[in-house]
Amino acid sequence: MPKKKSLFRITNKIRTLRFFAEEMTQQKLAEIVGVSRQTIIAIEADKYSPSLDLAFRIAQAFDVSIGEVFEYKLKVDG
Amino acid sequence: MSYQEKKTLANMLTGVVLLVIYCFYAWNKFSAQAAPIDDLAYWARLILIFLIIEVCAFIVIQILFHILFSIGIAVREKIHNPDRDEKNLDKIINLEMVEDERDKLIEMKSMRWGYIVVGLSFGASLITLAAGVPTLVMLNIMFIAFSFSSILDGSVQLYYLRRGL
């Protein structure tokens with residue numbers, strides 16, 4: 002059975018949150034949450050959706066709720 | 421290029437070199453008729469020896485790769501931050517080599533392709549047996565497919581690392 006494509010996508014505000022956290026570097030955030038910088042780059046570019054555990058750790062790093070970092074948005078094509 | 425990409429490339433290159441060496445060696449033995457085609461014990465021994473060489477080569481390459489990678493980071497840090505102490509340097513090296521959930525997911529996704537190749541090669545080797553082709557061909561199809569699957573595994577891994585999941 003073909004995989005049903007989701008109409009929604011996960012977006013994030015990590016770049017904005019980094020800016021407000023005194024321009025925190027991707028490397029610094031990666032160190033805090035315990036992943037590689039490449040993973041942070043991929044998440045920021047919406048190329049990788051993190052696990053719930055990692056999503057919570059990222060939210061914790063900025064001291065905000067998970068909903069303030071990630072959003073489940075309707076895809077807008079074209 | 422990230423640590424994961426470099427590690428995958430090192431593994432792939434080792435796999436390619438060993439596969440080429442095996443194909444060259446086996447073809448020379450076969451064409452020189454050094455061993456009879458139906459002497460399966462000889463060919464099995466040859467494949468076993470190459471398997472052992474392959475495992476040892478992968479271990480040695482991994483050790484060398486990690487040593488060289490660490491030296492590379494240490495040199496880079498010494499040039500850019502000469503006053504950095506050993507403890508900080510160790511921390512930086514460990515951070516560069518971190519393996520996270522994304523890397524594991526990529527590894528699993530790429531392994532799936534490797535399994536497909538091995539599965540198909542098993543089917544192909546059974547077909548050759550059913551068609552009456554010497555068992556030697558079946559043995560070689562299996563061995564080459566195993567080596568090829570690890571190379572394909574690496575290529576898919578590189579693709580996912582570059583393009584994202």
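So the sequence lines, in the order shown, correspond to chains W and B. Using the numbering used here, the first residue of the first sequence is number 2, and each one after it goes up by one. Using the numbering used here, the first residue of the second sequence is number 421, and each one after it goes up by one. All residues carry an ideal CB built from backbone N, CA and C; glycine is no exception.
**Report entry** Under 8 Å (Cβ pairs) to chain W, residues found in the segment 519-541 of chain B
**Finding:** 519, 520, 521, 522, 523
Query raised in the report: residue 422(B) touches chain W at which residues, Cβ-Cβ below 9 Å?
Result: 37, 38, 39
Requested in this report: Throw me the rounded Cβ distance for the residue 41(W) and residue 27(W) pair, which I believe falls under 8 Å.
Outcome: 5 Å
**Report entry** chain W residues whose Cβ lies nearer than 8 Å to that of residue 584(B)
**Finding:** 43, 46, 48, 49
Query raised in the report: Considering only C-alpha positions, which residue in the set 6(W), 7(W), 34(W), 9(W) is nearest to residue 63(W)?
Result: 34(W)
**Report entry** Amino acids of chain W, ordered along the chain, whose beta-carbon sits closer than 7 Å to that of residue 429(B)
**Finding:** Residues of chain W passing the Cβ test: none, with the nearest at roughly 15 Å.
Query raised in the report: So, does the CB of residue 7(W) fall closer than 8 Å to a CB anywhere in chain B?
Result: no
Query raised in the report: Three or more beta-carbon pairs under 8 Å between the segment 563-582 of chain B and the segment 422-439 of chain B, yes or no?
Result: yes
**Report entry** Sheet register partners of residue 10(W) (DSSP bridge)
**Finding:** 74(W)
Query raised in the report: How about residue 32(W) and residue 515(B): are their beta carbons less than 8 Å apart?
Result: yes
Query raised in the report: Excluding sequence positions up to five away, which residues of its chain have a Cβ less than 8 Å from the Cβ of residue 582(B)?
Result: 425
**Report entry** Cut-off 7 Å between Cβ atoms - residues of its own chain near residue 563(B), not counting five sequence neighbours on either side
**Finding:** 467
**Report entry** Touching by the beta-carbon criterion (3+ pairs, under 8 Å), the segment 42-55 of chain W and the segment 537-557 of chain B
**Finding:** no
Query - Contact set between residue 515(B) and chain W, taken where Cβ atoms lie within less than 7 Å - result: 32
Requested in this report: Would you mind giving the Cβ-Cβ distance between residue 73(W) and residue 585(B), rounded to the nearest angstrom? I have them listed as a contact below 8 Å.
Outcome: No, residue 73(W) and residue 585(B) are not in contact; Cβ-Cβ is about 18 Å, not under 8 Å.
Requested in this report: Using a Cβ cut-off of 8 Å (strictly closer), state whether residue 53(W) contacts chain B.
Outcome: no
Query - Cβ distance (whole Å) where residue 65(W) is taken to contact residue 13(W) below 8 Å - result: Between residue 13(W) and residue 65(W) the Cβ distance is about 12 Å, and since that is not below 8 Å, they are no contact.
Query raised in the report: Does the pairing of the segment 552-561 of chain B with the segment 457-467 of chain B give three or more beta-carbon distances under 8 Å?
Result: yes
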